[in-house]
Structures are given as structure tokens and as C-alpha cells.
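Worksheet: the structure to be examined is printed underneath.
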Amino acid sequence: MSYNRVMLTIFALLASLTNTTFPGYAQKTGAGNTGSAIHALEREIRNILEDTGTPAAGVAIYQKGNPLYAKGFGLANVEKGVVATEETMFRIGSVSKLFVGLAVLKLQEEGKLQLRDKLSVLAPEIEYKNPWEQTHPIRIEHLLSHTTGWDDIHLAEYLHNDPTPATLKEGLDFHPHSRVSRWVPGTRMAYSNSGPAVAAYVVQKVTGQPFEDYVAENFFKPMGMETITYFPSEGYKRLGATLYERGRPVDYWHVITRPTGSINASPKDMGKLISFFLNRGKAGSTQLLSPSSIKRMETPTNTLGAKAGLELGYGLANYTREYKGHVFHGHGGSLNGGKALFSYLPEQEVGFFVSINTSQTETLNRLTEAIQKYLLKDVPPPAVASLPTRVQLKKPISGFYYIINPREEMWTFIYPLFSQKIWTVGNSFLIDRTGLFGNDEDERYVSVDDKLLMNPESGLIEVAVVDDPIQGRGLEVAAEDGEPGNLSFASISPFRFYLLWAIMLLWLVLILWSVLSFPVWSIRYAFGKLKGGRNIWMRFWSFMSILFLIAVIAITTTGFPEDSFGRPTILSVTLTACTIAYALTGALALYHVFFAFFEGKVRKGVLWPAAMFSVLNFLVILFFMWHGVIGIRTWA
């Protein structure tokens, strides 16, 4: 048992024996936070932390009309035995983006900018490429809704960790290559950390203040958020929870574009932000932002599906999550050694914040589930309207579909292999996420008009038939498991789908054949039982190609630290070299197979499988070359 787990177990045991509440929980909890229910929730939180080996969690729960519940659980620092309290500051990652949206909306209310303003007009010095700029320019609302079409920030940007605070402009100038629109802005959503960062720069330029100062003056202070900060302040050094990755402390991460993910905040402060949203832009008696601006922030409007009527998706730095028919709003956050979720339900006037000091998704998901059950324990699910008679769609949608809005363009080559299948059963449409076979988790939808499909369990419109300006007719589907935004799909013919899988499976079978035959022919050759020449070279280069491919897979999937790839290191350069070596050895194998056919010195029983493998392998190499995998430089 690790030292961390031992300390956590001892701590949880002492807490349960003494039945005490840790410092930081206001005893005036109000009617909504009293009795056995809140104590049961606290026990469950402690059990989850112990079960997952998570050092600490910070929790804030707000139910309108009741005092704020804010509390820390576990150890903020395992080595020193520091107990987490409601004052403990956690890193909240992308939850920080909420303040970018709030800042832009405040400036719009003041008439200093508009969501529909063009980026090229407000900040022409920001480098980006948009092939559709003349007809579909990038606007401020696209930056906040992740509908620019840009890649997410590249690894070099993500792993930049200079402790000397860079200006926001310096951060944006560091690696602008990710800011290239891959589709018409305002049609599909793909999460991109650079969009809100550029929006924050616009705020900074319009106000003449550093973005962090503007937010502190206009939101942190009026809300009474006392210790929240974008920087590793003295308060954070004193109150900050140590972050852990695989049980080891990790250093403070200096995010290159601070507005998108740098905030450090306590449960106590984040509880005030919940109150602000549930009171529709009001902090105490001061209306900081109008209810209409809050509503606009919460409402997905910029994708083709949102315009068609989807009820779930990404608004302005604020996205929806469906839970048992309820639509929560807010944002999640993640960085090395920390995860957080800020979520609220306006209809029931409840909300919560939870943060942990590890990167364990399972822990955050279990804590979220426990808190949501507590908040909605006496709330019936929203009434689902009686299912409509299925409306006939203008065109059938049954078939195969693949994702066309990945966060990064370089991974698009993999998506056709993992297409989703849609077919009709009775009055319903079923979506099979595997694309190959139906299963017990097939998702059921019912069409309510000729473009919209409803989830009969939630009663929400979760699928829209759209006309993409590039791909043509396709679908936009609400994302699963609380992921931000929606998924856009284009159709793929069944013939192409099954052909891709047939080629892939045949290629894998031939790889297996090549690997298993290697010891046989190499031993025979060593003992003089097998002639040399092309007979050996075609086998040798095929086998070497496979070895380099295995090396590429091993390097990218073994779990090496990400910072090993964000700059030229032995590991990152080796990865580049292995992809090139894979291509070269594959080409050499095909070269020897080609001439072996004309020379006629190799048995057909050996030559034909070798030829099939070499040809298929070279097609895969060309495919990888087209998508930038061969010669990839992860630090570039």
C-alpha cells in the first residue's frame, strides 16, 4: 500500500471514529443542508476518496434560500498531513473560461463590443487563418463557443511551462499554427483552448487593462471572492492543495494562456459564483450582469445543430450536461494533477462545485454523481411529454456516420473506422456507438419533425439532421458523459465502412503471419536451409517495418510523461525516427517483393502473402503520410 493511501486511510478512520466535521463547514447549514442526508453525503465523499486513493476534494453546494455549504475533505498535502478546508485553494482548469464569457458579455452590455463583431476588426494583430473569412468571418461569439474550426492548442503550447509570467499576447504569439479554420466558422464545434484566450485578449485590448485585473475588479471583488487568483500568489502558496500525479507531487503548471485555465480557487469562493449564476447575474444586491446575458451564455446557438433546435451543447464558455432529464449548466476543468466541475441547475435553483488534487476522472465522476443525487433527492425527474407519432423524415438517415469535428485534425484518419450505425426499429431510430454490432446500450431516439430527434428517456432534443456546407447532409448529436459540446457526423457508405475494416483486418492477419513466420525462416536461413537474396530481404524488411510500427505504438501508448513530447527529447525524436523508419522499411519490403515477382525465384506460397502484406502495408504508410503521422514532430 502506497504512503498516500496509508495516510488517507488513517485520516478517514479517525474522522469516522470521532464523527467530526472538518474545519470549513459553516454550522449554519440551513434547511437544505441539515440532517442525515448531508452527513450521508459526507461519508460517501470520504469513502470515494479513500477507495480511489485521492488525497483531497473541495466541495461547495448552494441551494437558493439556504446558506452556502463549503467544505474540504482529506489531505491538501499528504507529506505534511495538511487537512483540506473550505479555504483550501484548488486549481480549477478550464472552469476559468466562465470568466472570459462573463467579461465579454459585460462589455457587450456596456456597448464596447458585440458578440457578432469580427475578430479581424477588433484584433487584426492576432494571427490565424480562415479560408472562409470573406463570407464567414470569425466573430467573437465563435471564440467563446469553440466554433472557429481551430485545432485545440498543440502539444508545444499545452506543455509550455515557463515560470516567468508571459503576457497574454506573448502566449498567443508563441505557437499560432493551431489557429487554422478546418471548416466554415459557426457550423461545427470543436473544443479549442485558444479561442477563449483570443477572446480574453480582445477584452484586454478594449478595456486597456490586463485581463486578470479586469476580471478581479469587475467580478472577483463584487462577488466577495477573497483569495481567488490567476497566479501562484502568496495566498495560494499558503492555502493551495498540492497536486498529485500517480501518487507523486507535481509542480505548479504555468498555463501559457492564463485566462483559459489558470485560476486557483477555494470551495468557499466558488460557492459565491454558484450563487451569482442562480441569482441570474446578481452578487448580493448588485446586478453585475443582466439575466438575459446569463441566459445567452447558457444557450447553445452557434452550431448547425443548435440553430436547428438541439437543446444540449456549448453556449458561450458554458455548456450543458444532462442528468436524469435535468439540464445542468457550467464548465469542467482539468490539468496535470487536478480536476474540477462547476455545475448548476437554474430550474431547481441548486448548484455545486467539486475539485480534486489528482487527475483521476473516475474520482470526479463518482463525486459528481453523489452530489447530484443529494441535490435532487426530493426532486422528481422532469415530466417527459408523451412520445409523438414518428414524423417521416424527408430523407432516410439510416446508415453509417463518422465524426467530422475532432479536437485535432491529425486524428481524423481514425474516425471512419469507428463509425456509428443508425437504423430504424418500429417508431424509433437506434444509434449504435460501436458501428459494428447492436448491443444493450444502443441509444434510442424518436423524430419529432423532419430534422430533429428526441431522446424519449430525457425528453430532450438530442439529434439534429443538418446540411453541412462542406460535407453535405449529416447529423449533430449531443455528446455523452458530460463532455463539452456536440459531435458532428458525416455519412459513410456501408461499402466503404466494411471495406476499411476488411483491409484493416487482413493487414493485421498478415502482420501476425509475418511475425510468427520470422523465427521459422530465420532459423532455416541460419542453418543454410533457405536461400538468400530477395527471398530473405523481402521478409527481413517486412519484419523490420512491423518492429518500427510496434515501437511507434509502444511510445505513444505506454504512458510516458507528456512533457517528454512537448520539446525535442530522446523520446520525442525517437518517435519521429521510428515513423520514418517504418515508412522506409515498408517501402524496401515492397521494392524486393516487386522484383521477386519478375525473377521467379521465390515460391508462390511465400511470395503471395508477402506481396499482399507489402502492398497493404504501403497503403497504410501512404495513408499515414497524408495525415501527417509519418515524420511527426510532436514538439512542432
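All residue numbers for the sequence shown refer to full-length UniProt numbering, where the first residue is 1 and numbers rise by one.
Yeah, the Cβ is synthetic: ideal placement off N, Cα and C, and Gly gets one too.
Check	Outcome
Validate contact between the stretch 332-346 and the stretch 85-98 using beta carbons, cut 8 Å, 3 pairs	yes
Close Cβ partners of THR206 (< 8 Å) along its chain, the five nearest in sequence each way excluded	The displayed chain sequence assigns Val, not Thr, to residue 206. Excluding residues within five positions, the ones whose Cβ falls inside 8 Å are LEU107, LYS112, LEU113, LEU122.
Contact under 7 Å by Cβ, LEU49 with GLY74	yes
Contact check, THR358 vs TYR244, beta carbons under 7 Å	yes
Where LEU102 falls, given that 16 or more other Cβ within 10 Å makes a residue buried	buried
Among LEU115, TYR323, ALA56, PRO210, nearest to THR167 - alpha-carbon criterion	PRO210
7 Å Cβ cutoff met for PRO469 and VAL180	no
Residue range of the beta strand (DSSP E) that includes ARG473	472-478
Beta-bridge partners of GLY74, as assigned by DSSP	ALA56
Selection from GLY65, SER488, SER545 that minimises the alpha carbon distance to MET189	SER488
Cβ neighbour criterion (16 or more within 10 Å) applied to PHE437	Residue placement at PHE437 cannot be trusted, given a pLDDT of 48 that sits under 50; what the coordinates show is reported in the next sentence. Label assigned to PHE437: exposed.
Proximity winner among VAL78, LEU590, ILE503, relative to MET538 (alpha-carbon distances)	LEU590
Between the CA atoms of GLU480 and THR361 - distance to the nearest angstrom	15 Å
Euclidean distance between Cα positions of VAL515 and ILE550	11 Å
In DSSP terms, what ARG248 is bridged to	GLU245
Closest Cα partner of LYS272 within the set PHE497, GLU87, ASP563	GLU87
Enclosing beta strand (DSSP E) for ALA340 [first to last residue]	338-345
Distance, LEU239 Cα to PRO267 Cα	12 Å
For GLY101, the three-state DSSP class (helix, strand or coil)	helix
Helix, strand or coil at THR21 [DSSP, three-state]	Here the model assigns THR21 a pLDDT of 36, short of 50, so the residue's position is not dependable and the matter cannot be decided.
Three-way DSSP call (helix, strand, coil) for PHE220 in this model	helix
Start-to-end residues for the beta strand (DSSP E) that takes in VAL602	Counting along the chain, VAL602 falls outside any beta strand (DSSP E), and DSSP gives it neither H nor E.
Cβ pair ARG139, LYS118 closer than 7 Å	yes
The ligand ATP heavy atom lying under 6 Å from the CB of VAL509	Looking at this structure, you won't find the ligand ATP or any other ligand, since it has none at all.
Backbone secondary structure at ARG116 - three-state DSSP	coil
Three-state secondary structure (DSSP) of HIS329	strand
Member of SER285, GLY284, LEU375, THR286 whose CA lies at the smallest distance from the CA of PHE328	LEU375
Residue from PHE598, SER145, PRO494 with nearest C-alpha to PHE400	PRO494
Exposure label - SER36; buried when at least 16 CB within 10 Å	exposed
Distance, ILE153 Cα to SER178 Cα	6 Å
Which listed residue (ASN193, LEU143, ALA577) has its alpha carbon closest to that of GLU408	ASN193
TRP635 versus VAL620: straight-line alpha-carbon distance, rounded	24 Å
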